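So, in structure tokens, the structure goes:
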């Protein structure tokens, strides 16, 4: 990598790594695994920096997604998360429990459905860009999104009720 490319890559990492680490965390469910995932994706991106094109962030997201899917496949089955702790004392205990239940439910979803939700709602990407990153059609993104949300509603019924009360139901 020449000096100009190295500087360009360094600027990109400095500007976008905080957003990318959040995506990696949602994909992995673990801070250390997220850091490893992002590092692996950035290493692969650096090696091909001259060929990445106009959307380097999308390239890194795609590399993270593919790397994480490979890790899930190698592991065979996703690890179950720890049992939800007893309710803490405080005003927001219900919200914390709901968030933990949602995190646990996300980890139960198959990798592709989880990735679709991460890209659509956490990253707030349009369906077309999600389809490009995942290498599928927009129709597939829509159907996977619908099925993933339906499954989350089954796994976390309190979430569906809270969304309906907040006016955020799909």
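In full-length UniProt numbering, the protein residues as written are 1 to 170.
Using N, Cα and C, we set each Cβ at its ideal position, and we do this for glycine too.
All of these numbers come straight from a predicted model, not from anything done at the bench.
For the candidate residues 120, 13, 154, 136, whose alpha-carbon lies nearest to that of residue 26? The residue you call residue 26 lines up with position 26 of the chain shown. Of the candidates 120, 13, 154, 136, the one whose C-alpha sits nearest the C-alpha of residue 26 is 120.
Can you give me the Cβ contacts of residue 38 inside the same chain, cut-off strictly under 6 angstroms, excluding the 5 residues immediately before and after it? Start at 1 with the first residue of the chain shown, and residue 38 comes out as number 38. These residues qualify, in order along the chain: 20, 21, 24.
Outcome for residue 68 when other beta-carbon atoms lying within 10 angstroms are tallied against a minimum of 16: Here the question's residue 68 lines up with position 68 in the chain shown. With 16 or more other Cβ atoms within 10 Å, it is buried.
Does DSSP classify residue 124 as helix, strand or coil? Within the chain shown, numbered from 1, the residue matching residue 124 stands at position 124. Coil.
Can the beta-carbon of residue 172 be found closer than 7 angstroms to that of residue 63? Outside the shown range of the chain, which is 1 to 170, sits residue 172, and nothing can be said about it.
Start-to-end residues for the alpha helix (DSSP H) that takes in residue 111: Taking the first residue of the chain shown as position 1, residue 111 is located at position 111. 111–117 is the span of the alpha helix (DSSP H), which, as asked, contains residue 111.
Among the candidates 29, 61, 156, 154, whose CA atom is the shortest distance from the CA of residue 130? Mapped onto the chain shown, residue 130 falls at position 130. Residue 130 has its Cα closest to that of 61, out of 29, 61, 156, 154.
Does residue 16 come out as helix, strand or coil in the three-state DSSP assignment? The residue given as residue 16 occupies position 16 in the chain shown. If DSSP states are grouped into helix, strand and coil, residue 16 belongs with the helices.
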